[in-house]
Amino acid sequence: MNSKRTNKQADSKRESSARWAALMRKAQNGDREAYRQLLNELCPVLRSYVRNRVSNIHEVEDVVQEILMGLHKARATYIPNRPFSSWMFAIAKYKLIDYERRLMRKRGPEILSEEVLAEHDISASTYQSSLENDVRSAIAKLPEKQRKVVTMLKLEGHSVKEIAHELNASESAVKVTAHRAYKALKKILEKS
Numbered sequence: 002m003n004s005k006r007t008n009k010q011a012d013s014k015r016e017s018s019a020r021w022a023a024l025m026r027k028a029q030n031g032d033r034e035a036y037r038q039l040l041n042e043l044c045p046v047l048r049s050y051v052r053n054r055v056s057n058i059h060e061v062e063d064v065v066q067e068i069l070m071g072l073h074k075a076r077a078t079y080i081p082n083r084p085f086s087s088w089m090f091a092i093a094k095y096k097l098i099d100y101e102r103r104l105m106r107k108r109g110p111e112i113l114s115e116e117v118l119a120e121h122d123i124s125a126s127t128y129q130s131s132l133e134n135d136v137r138s139a140i141a142k143l144p145e146k147q148r149k150v151v152t153m154l155k156l157e158g159h160s161v162k163e164i165a166h167e168l169n170a171s172e173s174a175v176k177v178t179a180h181r182a183y184k185a186l187k188k189i190l191e192k193s
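For the numbering used here, add 1 to where a residue sits in the sequence shown, where the first one is 1.
(1) I'd like to know if the region 42-60 and the region 81-93 are in contact, where contact means that at least 3 CB-CB pairs between them fall below 8 Å.
(2) Determine, using beta carbons only, whether Ser160 and Pro84 come nearer to each other than 8 Å.
(3) At which residue ranges does the region 55-81 contain complete alpha helix (DSSP H) runs of 4 or more residues, listed in the order of the chain?
(4) Which of helix, strand or coil does DSSP assign to Glu101?
(5) For Arg181, collect the residues of the same chain with a Cβ closer than 7 Å to its Cβ; drop the 5 residues on either side in sequence, then sort them by chain order.
(6) Taking the alpha carbon of Glu67 as the reference point, which residue from Ile80, Leu168 and Leu40 has its own alpha carbon closest?
(7) Pick out whichever of Ser13, Leu186 and Asp99 has its Cα sitting closest to the Cα of Asp63.
(8) Should Glu167 go down as buried or exposed, given a rule of 16 or more other Cβ atoms within 10 Å for buried?
(9) Taking contact to mean 3 or more Cβ pairs, one atom from each stretch, closer than 8 Å, check whether the region 18-36 and the region 53-60 are in contact.
(10) At the level of alpha carbons, what is the spacing between Glu172 and Gly158?
Next comes the structure, spelled out in structure tokens:
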């Protein structure tokens, strides 16, 4: 009986995450109603999440609003077909850590919750690691010239001028190649 309930809860969470991902895709394409619906669905989930981690009941709504603002500012970073819940909770955990740091500055170091730090380290680093692997894999699929420009520009930190000199190309050509590579990367990542 207990495992059936656990399976149903897991299925329900997966369905919610898939629904939220679909709403976010629509929102990223300019659908304001989908975005409004997404935020309305996320509020109670985030409120419950924060309530379990913030001891001061009066500050729960403030933290929820900060998380919603964080989601809003980072909405362009959500990659379709990636787990929405992982992305959302990674942002929520960062905002909770920001909240706890503010408390720590006000009241002292004993306030910073080990639970929040431990959860943050595990899920955010797992998500980050997964994302880095996906990006590196996508870069490997680019044509050689695009791969070289992206690698030099973003991974090795070279300037456009340095890359142009190295590849014996104009700076404009390097910028165009980089732009095309970014578009190709977006398509590759959306498919994965």
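Backbone N, C-alpha and C fix where the C-beta goes; we use that ideal spot for every residue, glycine too.
In short:
(1) yes
(2) The sequence position of residue 160 within the sequence shown is 159, counting from 1. The sequence position of residue 84 within the sequence shown is 83, counting from 1. Taking 8 Å as the cut-off, the beta carbon of Ser160 is found no closer than this to the beta carbon of Pro84.
(3) 61-75
(4) Your numbering for residue 101 matches position 100 in the sequence shown. It is helical.
(5) Here the question's residue 181 lines up with position 180 in the sequence shown. Hits under 7 Å: Gln147.
(6) Within the sequence shown, the letter at position 66 stands for residue 67. Selected option, being the one with the closest Cα: Leu40.
(7) Mapped onto the sequence shown, residue 63 falls at position 62. Selected option, being the one with the closest Cα: Asp99.
(8) Residue 167 sits at position 166 when you count from the first residue of the sequence shown. Under this definition Glu167 is an exposed residue.
(9) With fewer than three CB-CB distances shorter than 8 Å, the region 18-36 does not count as touching the region 53-60.
(10) What you label residue 172 is simply residue 171 of the sequence shown in a count that begins at 1. What you label residue 158 is simply residue 157 of the sequence shown in a count that begins at 1. If I take the Cα positions, the gap works out to 15 Å.
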